[in-house]
Amino acid sequence: MTPTEALPLLVVVTLLVASSGVAVDQMTVTYTGDHAVDGREDVSVVAGGTVTVPADTTVQSQVYVVGGTLTVAGTVTGDVTVLGGNLTVADTGAITGTLETLAGTTDVADGAAIGERTRLPVTEPAAGPFGQYGALVFQILTLGLAAWILARRRPTFLENVARTATAHPVVTGVVGALAGLTLLVLFVYMAFTLLLLPVSILGLLGELAVVFYAYVAFGHRIGTHLPTAHTGLAAVLGVTGFLLALELLGRIPLLGAVVQIAVVAIGFGAVLLTFFGLREFHPATIPQ
Amino acid sequence: MQFTTYLRDRAWTPLLGYGLFIALMVAGYYYNITFVQLGLIDLGTRLVGLSAAAVSMWMAALALLTLVAAVITGVVMDRRGWGTDLYLKLRLLWLVVALQFVLTLWAPGIRSVPAFGAWIVLGGLGLGVGFPVSFSLAADLIPVPDRGPVAAVATAVTYFAANAYPLDWSIKVFSDVLLVAMLPGLLVLGVLAAGRIDCLDRVVTQLGTQHQRFGRGRFCHPTPVRTRSLAFLVPLVLMFGVFFVDSLGFLRIIDTPALVLSSWQSPELSTRLGIAVAHVLGAAIAGILYVNFDLEWVFVWIFALFALTHILYTTDLRIAELLPGFAGGNSPLNAAMYAVAVSFYTTLNFALWPDLATTDTIGTHTAIGVGVAGWLATFLSTAVALFLQQAEVTLLTHLNLVNALALLLLFGLIAGLYVQRLLAVAREAPTP
């Protein structure tokens with residue numbers, strides 16, 4: 000497991016530990032090698048290597064497994080949470096608290112004593128239409144409302160974005176893909192610092208807002224071709240049509256996803272290049 | 000693009016010009032990034048028995064010598080009006096390729112320091128004459144609107160070949176491969192430069208007249224860019240910064256087995272192919288941005304990409320330092336980002352200098368541009384890298400320094416652009 004792969008799980012553990020009221024600096028983290036644990040520790044995190052609770056030993060601790068292997072042959076008087084890696088509870092082993100498995104592998108022998116055992120339930124999508132299309136309906140409602148307001152108050156903003164996207168799809172697509180990806184990487188790495196986690200979340204939400212702004216602009220453009228004189232209504236219908244078309248595209252294997260990504264990249268680039276529609280984008284002129 | 004017009008009109012002679020320019024650029028750059036940058040280190044350390052520091056000093060000497068030879072060649076070219084004489088340029092290039100062929104043949108047999116030194120002197124001379132002459136061919140062969148895409152193609156082909164089919168970094172392997180590649184090139188260039196075959200003579204003569212339309216670079220309108228003007232010096236300083244940042248970081252990365260064996264020298268084909276594809280993507284993006292945006296925004300992107308790349312590298316190192324159990328893991332994303340950044344600025348380097356020149360200044364401008372930004376930056380970054388190595392600076396501190404430099408250049412450039420805009424607005428504002 001590389002640092003990049005391990006870090007998100009450690010971030011999750013740190014947040015869980017912090018929320019449980021235990022000081023984070025009292026965590027004992029194992030990264031490598033073989034270790035036998037005894038005595039009392041507030042929180043133990045197995046991030047790599049092998050950790051064993053020997054038989055006839057009692058450990059008073061919350062234990063998190065994010066990588067490596069934890070073998071419990073003795074007793075753990077606390078909760079054990081498995082986020083990754085492997086947990087083995089031998090016949091002689093006991094966990095008095097809750098054993099919670101979110102991911103990774105958990106192997107509990109028949110003779111082992113477990114206080115309570117929970118597993119992350121694999122939830123099937125709700126069978127009803129709202130369960131299936133609830134997110135889409137929510138998007139249509141919120142973006143439709145945004146389109147209604149912007150189409151009536153600032154139609155030129157939306158026109159500039161859509162015109163730039165259709166006139167310069169390659170440039171907007173390239174800028175959108177490059178900016179979107181580099182910002183995504185930057186925000187994810189910001190999250191790893193913990194200190195910049197709020198900035199990272201805000202940044203990711205900002206990226207999402209840019210994409211939705213582009214959706215509104217595309218929807219507005221579609222709306223201008225509809226046979227209705229009411230600009231607000233046309234924009235709402237356009238956004239609805241656009242989102243439905245995007246949803247249907249997703250049903251086409253591979254090609255649908257490629258087209259969806261291209262649309263998002265073009266929209267993202269168009270919004271950035273037009274400064275949210277404040278002005279139309281004009282490429283640099285090269286003298287012949 | 001002019002290219003599509005030529006293709007539609009089946010204008011084969013101008014199209015041949017594109018092919019010739021791309022082939023020369025790819026061959027020259029491939030020779031530079033493999034044989035010169037990697038092969039000579041192997042020759043000096045393994046076969047001649049010099050220390051890594053001594054070889055680095057010789058490499059720095061090669062860079063300086065190349066710069067001097069290039070500037071002399073460029074100035075002579077412009078003063079004598081060679082910038083518009085395609086035949087002369089092809090003949091000069093043939094001589095350079097012939098010299099490099101002999102030097103490439105000789106290199107694996109070198110075992111002594113004086114012979115190594117002689118190779119460096121002759122090699123520097125060949126490179127110094129070669130690059131202003133080859134870059135100046137853009138004025139004869141490539142229409143101004145197409146220079147970005149053509150530069151992108153040259154960059155993509157070079158780096159794809161170098162990464163998808165990586166050779167063992169040894170002088171013998173590089174020598175064998177390049178000798179096979181140079182032989183037909185030498186022959187074709189010789190036939191073209193000789194002008195003895197009528198149909199080819201007509202082709203070269205026609206190509207030789209194209210400078211009248213293509214000769215004035217993109218940034219030389221309405222007035223040509225002067226060598227001492229800010230319009231030339233600012234891109235020169237920025238390109239120097241780009242080369243310096245890249246070279247200073249890369250010198251340490253290739254010196255760290257954990258980093259290089261998990262990326263550029265990985266035994267996994269998929270990893271190398273990923274880097275090769277990243278190079279192609281980077282070049283394509285740069286080609287598109289170069290055509291559609293003003294120069295300063297292309298520079299902003301380059302520094303941003305380098306800063307982000309080094310943030311990725313240093314973050315991995317910091318985590319590995321914090322969590323020693325994970326040490327040794329290196330995300331393939333880092334090398335891919337590095338590849339995008341390198342392709343980005345290489346594309347710019349191919350297109351920029353001819354676009355900052357006319358046929359009267361193309362020799363001097365390409366010589367100073369590539370010489371100072373490329374070779375002098377390499378010389379200085381090698382010296383700094385050596386100093387840091389002798390000071391036993393850790394990998395993290397070294398890359399942190401490079402990262403700081405990239406960030407400084409990025410924010411310096413953005414601040415400079417803002418101040419420039421501010422001054423323009425202030426000038427436009429009505430006086431009370």
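Protein sequences appear in the order of chains A and B. In this text, residue positions in the first sequence follow numbering that gives the first Met the number 0: the first is 0, and each later residue adds one. In this text, residue positions in the second sequence follow numbering that gives the first Met the number 0: the first is 0, and each later residue adds one. Ideal placement from N, C-alpha and C gives every residue a C-beta, glycine not left out.
{"query": "Compare the C-beta of V299(B) with all C-beta atoms of chain A and state if any pair is closer than 8 Å.", "result": "no"}
{"query": "Leaving out the 5 sequence neighbours to the left and right, which residues in its chain are closer than 7 Å to L157(A) when beta-carbon positions are compared?", "result": "L149, A150, V215, A216, H219 and G276"}
{"query": "Just checking: is the beta-carbon of T70(A) within a distance shorter than 8 Å of some beta-carbon in chain B?", "result": "no"}
{"query": "Just to make sure I have the definition right: I need the residues of chain A whose C-beta is within less than 8 Å of the C-beta of H220(B). Which are they?", "result": "P286"}
{"query": "Do we get a CB-CB distance below 8 Å when we pair P144(B) with the residues of chain A?", "result": "yes"}
{"query": "Can at least three beta-carbon pairs, one atom from the region 180–189 of chain A and one from the region 307–322 of chain B, be found at a separation below 8 Å?", "result": "yes"}
{"query": "Of all Cβ atoms in chain B, is any one closer than 8 Å to the Cβ of Y214(A)?", "result": "no"}
{"query": "Can you tell me whether G327(B) is buried or exposed? The criterion is at least 16 other CB atoms within 10 Å of its CB, across all chains shown.", "result": "The pLDDT assigned to G327(B) is 49, lower than 50, so where the model puts this residue is not dependable, and the model offers no usable value."}
{"query": "Show which residues of chain A have a CB atom less than 8 Å away from the CB atom of A303(B).", "result": "T181"}
{"query": "Sort L242(A), G84(A), A145(A) and V235(A) by Cα distance to V44(A) and report the nearest one.", "result": "G84(A)"}
{"query": "Exposed or buried, which one is W352(B) when buried takes at least 16 other CB atoms within 10 Å?", "result": "buried"}
{"query": "Distance, Cα to Cα, T100(A) vs T76(A)?", "result": "17 Å"}
{"query": "Give a yes or no on whether the minimum CB-CB distance between P168(A) and chain B is below 8 Å.", "result": "no"}
{"query": "Whole angstroms is fine: what's the gap from M0(B)'s alpha carbon to L280(B)'s?", "result": "20 Å"}
{"query": "Quick check on N291(B) - is its C-beta less than 8 Å from some C-beta in chain A?", "result": "yes"}
{"query": "Taking the straight line between their C-alpha atoms, what separation do you get for L142(A) and I221(A)?", "result": "14 Å"}
{"query": "How big is the Cα-Cα spacing for R146(B) and V262(A)?", "result": "28 Å"}
{"query": "Can you pull the chain B neighbours of V173(A), defined as C-beta to C-beta under 9 Å?", "result": "A283, I284, I287, L288 and N291"}
{"query": "Give a yes or no on whether 8 Å exceeds the smallest Cβ distance from V184(A) to chain B.", "result": "yes"}
{"query": "Consider the Cβ of T314(B): report whether some Cβ of chain A lies at a distance smaller than 8 Å.", "result": "yes"}
{"query": "On the criterion of 16 or more Cβ atoms from any shown chain inside 10 Å, does Y63(A) qualify as buried, or is it exposed?", "result": "buried"}
{"query": "Measure the beta-carbon distance from F302(B) to A153(B) and round it to whole angstroms, keeping in mind my assumption that it falls under 8 Å.", "result": "Wrong, their Cβ atoms sit about 22 Å apart, outside the cutoff."}
{"query": "Around the C-beta of W300(B), are 16 or more other C-beta atoms found within 10 angstroms, so that it is buried, or is it exposed?", "result": "buried"}
{"query": "Taking Cβ positions only, does Y63(A) come closer than 8 Å to chain B?", "result": "no"}
{"query": "Using DSSP bridges, identify the partner residues of L98(A).", "result": "V79(A) and R116(A)"}
{"query": "Mapping the DSSP letters down to three states, classify M26(A) as helix, strand or coil.", "result": "strand"}
{"query": "Is the Cβ-Cβ distance between G362(B) and S135(B) less than 8 Å?", "result": "yes"}
{"query": "Counting pairs of Cβ atoms below 8 Å between the region 112–120 of chain B and the region 336–355 of chain B, do you hit three or more?", "result": "no"}
{"query": "Run through the DSSP bridge pairs and tell me what L86(A) is partnered with.", "result": "L69(A) and T105(A)"}
{"query": "So for D200(B), helix, strand or coil by DSSP?", "result": "helix"}
{"query": "Looking at the strands, I want to know which residues DSSP matches up with T74(A).", "result": "T57(A) and A93(A)"}
{"query": "Any beta carbon from chain A within less than 8 Å of I310(B)'s own beta carbon?", "result": "yes"}
{"query": "Among the residues of its own chain, which have a CB less than 6 Å from the CB of R215(B), if the five just before and after it don't count?", "result": "T357"}
{"query": "So the candidates are G48(B), L379(B) and D359(B); which of them puts its Cα closest to the Cα of T222(B)?", "result": "D359(B)"}
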